[in-house]
Amino acid sequence: MPRYRLTIEYDGRPYHGFQAQAALPSVQGAIERAVKGFCGQTLRLQAAGRTDTGVHATGQVVHIDLEKDWNPEVVRNALNAHLVPEPISVLEASIAEEGWHARFSAKERRYLYRVLNRMAPPAIDQGRVWHVKKPLDADAMHEAAQVLVGHHDFTTFRDLGCQAKSPMKTLDIAAVRREGDYVLLEFASRSFLHRQVRSMTGSLAEVGIGRWTKGDLKAALEARDRKACGPVAPAEGLYLTGVSY
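Take our numbering: the final residue in the sequence shown is number 921, and no numbers are missing along the way.
What follows is the structure, encoded as structure tokens:
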């Protein structure tokens, strides 16, 4: 039974997260229905990560085990045909190597958070960015973000409903830059706690508008207390951009 590796992009707005749910629309559910429509097979796909309601992806990775050998291009094109009009696209499909698993073989996951930093609200990017009117100091945010890099107890930036066994995570990259009216935050780690990226982003925004200092962010991290976290950034600005294996 061949295993296919798929790279997926999607707009998370219409879905109640990635994970399949019985009575609610999900990205996983839409892809699994497309597989059923394509080859008649009912299956449960495996994904590199589960994104929350409203979160987008440009580089989600999943795998499916099909009963028949298909050319990967046929799989990609057939799934895309059956995904119309869902805002989901299979960008690439390939045969996975022996023993490869979309979730357990992943060595790094990368996220991008997009902030539109201007007075005027978004038109084209509505629902795809966090609109912050107050000026943000991206350089101060980047400098402060470096206190988060490394191996830490991230309890402060962990959702109360997080099911991870440990709050200890190693953050490889935390970078902030400005591109015109946009402030872009990039994070990379082998794995993240539930809503960790949105929690860190919200706290970094406090630095950006001048309510917090780098020292305040460090103190929040070291508090190991969810109450020390700043406001959690909304889902619509977050993108899963890639997975490394």
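Beta carbons are placed, not taken as given, at the ideal position from N, Cα and C, and that holds for glycine.
On the DSSP letters alone, give me the boundaries of the beta strand (DSSP E) that residue i sits inside.
i	result
E784	E784 to N793
G735	H732 to D741
G918	L914 to S920
H692	H692 -> no beta strand (DSSP E), and no H or E assigned at all.
H964	Outside the displayed range of the chain (677 to 921) lies residue 964, so it cannot be described from this structure.
Using DSSP bridges, identify the partner residues of residue i.
i	result
K845	H828
F863	Y787 and A850
R681	H739 and S770
E855	Y858
I764	Y686
Q839	Q839 pairs with nothing; no bridge assigned.
A723	V738
Run the CB neighbour count on residue i, radius 10 Å, all protein chains shown included, and call it buried at 16 or more, exposed below.
i	result
L847	buried
K783	exposed
M817	buried
S879	buried
S865	buried
A925	With the chain covering only 677 through 921, there is no way to say anything about residue 925.
S702	buried
K744	exposed
A723	buried
M876	buried
From what residue to what residue does the alpha helix (DSSP H) around residue i run?
i	result
G891	K890 to A899
T877	Q872 to G884
V711	V703 to C715
V750	P748 to L759
H777	First-last for H777: undefined, no H or E at that position.
A821	A814 to A821
Examine chain C for any beta-carbon lying closer than 8 Å to the beta-carbon of residue i, and answer yes or no.
i	result
G906	Going by chain labels, chain C is absent from the structure shown, which holds only one protein chain.
Exercise for review: Mind the definition here: the stretch 771-779 touches the stretch 814-824 only if three or more C-beta pairs lie below 8 Å; say whether that holds.
Suggested key: no
Point to revise | Contact the stretch 912-920 vs the stretch 714-734: 3+ CB pairs below 8 Å | key: yes
Practice item. Take every Cβ of the stretch 870-879, pair it with every Cβ of the stretch 684-700, and state whether three or more of those distances are shorter than 8 Å. Key: no
Point to revise | Three CB pairs or more closer than 8 Å across the stretch 710-720 and the stretch 749-759 | key: yes
Exercise for review: Report yes or no: do the stretch 849-864 and the stretch 784-795 share at least 3 C-beta pairs separated by less than 8 Å?
Suggested key: yes
Practice item. Determine contact between the stretch 677-686 and the stretch 769-776, defined as no fewer than three beta-carbon pairs at a distance below 8 Å. Key: yes
Check your understanding: Is it a yes or a no for the stretch 828-838 touching the stretch 892-904, going by three-plus beta-carbon pairs under 8 Å?
Key -> yes
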